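What follows is a set of notes on a single structure, which appears directly below.
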Amino acid sequence: MDQQFLMAARTGNLNLIKQLVDAETNILNATTPQGNTALHMAARFGHKDLVEQIINWHPNLIHKTNLNGETPFHVAAKAGRFDVILLFKATVEDIARVRDKHGDTPLHCAVRNNHKLVIWLLVDGDQEALRLVNNAGESPLVVAIDLGLTNVAHSIIFGNPSTLDHRGNNGQTPLHRAVLSRDLAAIVDRILVLKPELITMQDGKGRNPLHYAVSLGDYEMVKKLLECNSSAAYQVDNNRQIPLHFAAKNGQVSLLKLLLNPCPDTVEMINNEQWNILHLSAKNGYMNVVLYVLDLPEAEDLVNGSDIAGNTPLHLAAMNFHSNVVYFLSRNSKVNIRVMNQNSQTALDVVYSIEDGGMELQKHLTLKALKSSYTKRAGDLLQDGGFVDTDVEKTNKIGQKSREMATTMLLMATLIATFTFTAAFTIPGGFKNNGPEEGMSTLLGKSAFKAFVVTDSIAFTSSMTAAVLVFWSSSYQVTESFMDTLPFAIAFTWIALVAMALAFVTGLFVVLSKTLWLAILVCFIGCASPAILYLFGPLFLLVFDRLSSSPTSLARRRNILEDNPFLFIFRLTKMIY
18 MDQQFLMAAR TGNLNLIKQL VDAETNILNA TTPQGNTALH MAARFGHKDL VEQIINWHPN
78 LIHKTNLNGE TPFHVAAKAG RFDVILLFKA TVEDIARVRD KHGDTPLHCA VRNNHKLVIW
138 LLVDGDQEAL RLVNNAGESP LVVAIDLGLT NVAHSIIFGN PSTLDHRGNN GQTPLHRAVL
198 SRDLAAIVDR ILVLKPELIT MQDGKGRNPL HYAVSLGDYE MVKKLLECNS SAAYQVDNNR
258 QIPLHFAAKN GQVSLLKLLL NPCPDTVEMI NNEQWNILHL SAKNGYMNVV LYVLDLPEAE
318 DLVNGSDIAG NTPLHLAAMN FHSNVVYFLS RNSKVNIRVM NQNSQTALDV VYSIEDGGME
378 LQKHLTLKAL KSSYTKRAGD LLQDGGFVDT DVEKTNKIGQ KSREMATTML LMATLIATFT
438 FTAAFTIPGG FKNNGPEEGM STLLGKSAFK AFVVTDSIAF TSSMTAAVLV FWSSSYQVTE
498 SFMDTLPFAI AFTWIALVAM ALAFVTGLFV VLSKTLWLAI LVCFIGCASP AILYLFGPLF
558 LLVFDRLSSS PTSLARRRNI LEDNPFLFIF RLTKMIY
């Protein structure tokens with residue numbers, strides 16, 4: 018397209034356009050690299066007079082499409098050009114039904130860009146256009162819901178309530194999409210008033226809106242749907258999972274209680290793997306759910322239930338190295354710890370038979386929990402007062418990996434102790450050189466200085482404790498004794514790292530306090546960055562591990578949220594003692 022002609026079309030310079038057309042009649046057929054004609058340009062920028070003149074000159078351009086299959090109607094609807102759409106509507110019949118190569122109508126384009134006046138104009142006299150779907154199976158209402166356009170969705174429903182009958186390519190209804198979009202309670206309320214039967218409508222996966230509300234952990238939405246129709250809690254999807262199963266495998270105790278209140282008998286239902294809610298929570302390591310289920314009256318029917326492979330909840334927790342869950346299950350009197358699966362393996366046999374996948378400590382803690390339970394229950398499995406370990410070679414291999422990690426930890430603890438010891442004698446602000454308080458800190462009265470002293474002391478003491486624990490545990494020849502002590506050293510090392518970061522921040526703050534903005538910025542950088550890395554580090558690891566399908570990464574994904582070292586103290590005090 019000629020550059021002068023292009024600029025004239027963009028700016029709406031009608032006089033220049035007339036001159037260029039008089040000079041070369043075919044210039045109106047020129048297009049941009051994307052296939053846009055002068056009419057597309059004029060429509061996009063809202064030059065109504067130019068649009069009208071081009072239509073008079075070349076009426077055939079009105080249906081000309083660009084490389085995206087968009088007509089000038091689509092372009093005008095995207096840009097929200099009400100006057101241009103009004104002109105097109107007077108010229109073209111059924112303008113709201115014209116489709117681009119994606120199946121989108123101008124109405125889809127107007128909804129997607131939240132142009133309410135254009136939407137109203139397009140559907141005026143053609144309400145059925147609201148039911149048209151694009152190639153992705155999306156109606157204008159679904160587009161509005163997915164984008165969270167509450168007012169637009171309300172207008173569409175009001176304009177044509179039959180749009181609620183739409184089923185997408187995946188079989189989902191507008192209620193499914195509203196629940197998935199979240200924060201659309203007003204739309205959900207409106208749909209439930211007009212079409213309450215949509216609660217029990219299932220999509221291509223066999224899931225109703227309640228399944229998705231539970232999966233998202235949306236308590237208020239689940240409550241709303243249950244109050245409208247609690248029968249949805251009994252519907253199974255293609256894997257025979259009910260909403261209660263999703264709550265269990267996602268660790269949502271509050272949703273479990275909410276679902277069981279009107280439908281207590283759903284606790285007995287199993288999926289196609291024959292897993293009950295205790296299987297699901299144990300497999301995924303949700304101790305809070307396991308403890309809640311163990312207190313239910315129906316627990317006796319759940320704790321020893323076998324899946325299609327003969328595995329009980331204890332088997333599943335053990336094979337995924339969820340040591341805290343294993344501990345509570347194996348100590349429960351209702352649980353039979355000697356149950357064998359179809360491979361003739363008890364939970365203890367299962368742990369011994371699978372590789373640790375880089376989680377030697379988790380495996381050790383799981384074994385410890387099971388052995389402790391056997392010790393308490395089964396005198397016939399004892400020999401000389403202790404449990405007979407039949408796989409010494411594997412235990413020693415685990416111990417070797419842990420000793421390598423201990424060497425690294427000892428170095429880290431020593432470095433932290435060195436830094437904090439040095440900081441204690443090169444304190445911020447220095448010392449007084451004369452007077453009765455000679456040798457005392459010049460900033461002793463500052464609160465930030467006191468915080469520095471406390472956190473530096475904590476960091477030094479914790480790192481020294483960690484170093485002593487590593488050094489002491491390394492002297493053990495028995496692998497299990499060494500691994501029992503190592504997690505405590507990990508926890509103290511983390512405490513030292515956090516305290517050292519705080520000491521750094523408070524030390525800088527006290528000497529920069531006169532430049533408050535700089536002191537606050539230093540505090541933010543020093544506190545926020547480590548906190549974010551520590552809290553979200555497991556999630557980053559989860560993302561990176563998805564790039565690999567190795568046994569190690571798969572195992573790490575199963576336990577990625579269990580790897581917080583501070584949980585070791587809780588586990589060990591429960592299991593070792």
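Numbering-wise (the numbering used here), the sequence shown opens with residue 18 and increments by one.
All C-beta atoms in this analysis are idealised placements derived from N, C-alpha and C, irrespective of residue type, glycine included.
No experiment lies behind these values; they were computed from the predicted model shown.
Please determine, among the options, the residue with the shortest C-alpha to C-alpha distance to residue i.
| i | options | result |
| --- | --- | --- |
| Gly-302 | Tyr-344, Asp-312 and Asn-289 | Tyr-344 |
| Leu-233 | Val-196, Glu-155 and Pro-213 | Val-196 |
| Thr-510 | Leu-432, Val-109 and Val-356 | Leu-432 |
| Leu-181 | Thr-532, Phe-99 and Pro-157 | Pro-157 |
| Ile-174 | Ser-198, Ala-146, Asn-187 and Asn-151 | Ala-146 |
| Phe-438 | Leu-427, Ala-476 and Val-169 | Ala-476 |
| His-193 | Ala-249, Gln-144, Leu-138 and Asn-152 | Ala-249 |
| Asn-151 | Leu-134, Thr-122, Leu-164 and Asn-130 | Thr-122 |
| Met-426 | Thr-472, Ile-507 and Asn-289 | Ile-507 |
| Ile-136 | Leu-243, Ala-153, Thr-108 and His-171 | His-171 |
| Asn-341 | Glu-317, Asn-30 and Leu-378 | Leu-378 |
| Gln-291 | Gly-327, Gly-176, Phe-338 and Thr-82 | Gly-327 |
| His-183 | Leu-149, Ser-198 and Ala-203 | Leu-149 |
| Gly-176 | Ala-516, Val-307 and Gln-144 | Gln-144 |
| Ala-55 | Ala-299, Leu-533 and Leu-78 | Leu-78 |
| Ala-520 | Val-471, Pro-89, Val-109 and Ser-390 | Val-471 |
Rounded to whole angstroms, what is the Cα-Cα separation between residue i and residue j?
| i | j | result |
| --- | --- | --- |
| Val-284 | Ser-179 | 37 angstroms |
| Gly-142 | His-132 | 18 angstroms |
| Leu-33 | Ala-40 | 11 angstroms |
| Ser-570 | Asn-321 | Its pLDDT being 41, under 50, Ser-570 is placed unreliably by the model, and the measurement read from it follows with that caveat. Approximately 30 angstroms between the Cα atoms of the pair. |
| Glu-237 | Lys-274 | 13 angstroms |
| Ala-572 | Asp-200 | Its pLDDT being 39, under 50, Ala-572 is placed unreliably in this model, and the coordinates cannot settle the point. |
| Val-140 | His-332 | 60 angstroms |
| Thr-363 | Asn-349 | 16 angstroms |
| Gln-189 | Glu-315 | 34 angstroms |
| Leu-428 | Gly-154 | 59 angstroms |
| Asn-246 | Gln-269 | 21 angstroms |
| Lys-463 | Ile-162 | 55 angstroms |
| His-228 | Glu-214 | 15 angstroms |
| Asp-282 | Ala-265 | 15 angstroms |
| Ala-60 | Gly-97 | 10 angstroms |
| Trp-74 | Val-68 | 10 angstroms |
| Gln-478 | Met-457 | Residue 478 is actually Thr in this sequence, not Gln. Between Thr-478 and Met-457, the C-alpha separation is close to 23 angstroms. |
| Leu-166 | Met-58 | 28 angstroms |
| Asp-397 | Leu-365 | At Asp-397 the pLDDT is 42, less than 50, meaning the model places this residue with poor confidence; the figure from the coordinates comes in the next sentence. Rounded to the nearest angstrom, the two C-alpha atoms are 16 angstroms apart. |
| Ala-202 | Ala-94 | 28 angstroms |
State the beta-bridge partners of residue i as determined by DSSP.
| i | result |
| --- | --- |
| Ser-474 | For Ser-474, which the question treats as bridged, DSSP gives no partner whatsoever. |
Using a Cβ-Cβ cutoff of less than 7 angstroms, which residues in the same chain neighbour residue i once the five nearest sequence positions on both sides are dropped?
| i | result |
| --- | --- |
| Pro-445 | Leu-460, Phe-466, Phe-469, Gly-524, Val-527 and Val-528 |
| Leu-103 | Leu-138 |
| Asn-288 | Asn-256, Arg-257, Gln-258 and His-262 |
| Phe-99 | Leu-134, Val-135 and Leu-138 |
| Phe-325 | Here residue 325 is Ile; the residue named in the question, Phe, does not match the sequence. Taken in chain order, the residues that qualify are Glu-290 and Gln-291. |
| Phe-561 | In this predicted model, Phe-561 has a pLDDT of only 45, less than 50, meaning its place in the structure is not dependable enough to derive any value. |
| Cys-540 | Val-522 and Phe-526 |
Beta-carbon within less than 8 angstroms of residue i's beta-carbon, same chain only, minus the 5 sequence neighbours each way: which residues are those?
| i | result |
| --- | --- |
| Gly-86 | Arg-116, Asp-117, Lys-118 and His-119 |
| Thr-407 | Residue confidence is low: Thr-407 scores 45 on pLDDT, short of 50, so the model does not pin down where it sits. No coordinate-derived value is stated. |
| Ile-371 | Met-336 |
| Glu-317 | Lys-351 |
| Gly-554 | Since pLDDT at Gly-554 reaches only 49, below the 50 mark, its modelled position is unreliable, and the value read off the structure follows with that caveat. If we look at Gly-554 and ignore the five residues flanking it on each side, it has no Cβ neighbours. |
| Lys-240 | Leu-275 |
| Met-481 | Ala-430 and Ala-434 |
| Ile-112 | Phe-90, Ile-102, Phe-105, Lys-106, Pro-123 and Leu-139 |
Given residue i, which residues of its chain have a CB within under 6 angstroms of its CB, disregarding the five upstream and five downstream residues?
| i | result |
| --- | --- |
| Gln-252 | Asn-225 |
| Gly-403 | Because Gly-403 carries a pLDDT of 41, less than 50, the predicted location of this residue cannot be relied on, and no value is offered for it. |
| Met-286 | Ile-259 |
| Ala-440 | Asp-473 |
Heavy atom of the ligand PLP less than 8 angstroms from the Cβ of residue i, yes or no?
| i | result |
| --- | --- |
| Phe-521 | By its list of ligands, the structure shown contains no ligand whatsoever, and the ligand PLP lies outside what it can speak to. |
Please state whether the Cβ-Cβ distance between residue i and residue j is less than 9 angstroms.
| i | j | result |
| --- | --- | --- |
| Ile-294 | Leu-346 | no |
| Leu-164 | Val-128 | yes |
| Leu-272 | Val-231 | yes |
| Gly-63 | Leu-84 | no |
| Cys-126 | His-80 | no |
| Val-356 | Ser-323 | yes |
| Phe-338 | Thr-383 | yes |
| Val-487 | Ala-434 | no |
| Asn-220 | Asn-187 | Sequence inspection shows Asp at residue 220; the Asn mentioned does not correspond to that position. Yes, these two residues count as a Cβ contact at 9 angstroms. |
| Leu-37 | Gln-21 | yes |
| Pro-279 | Ala-299 | no |
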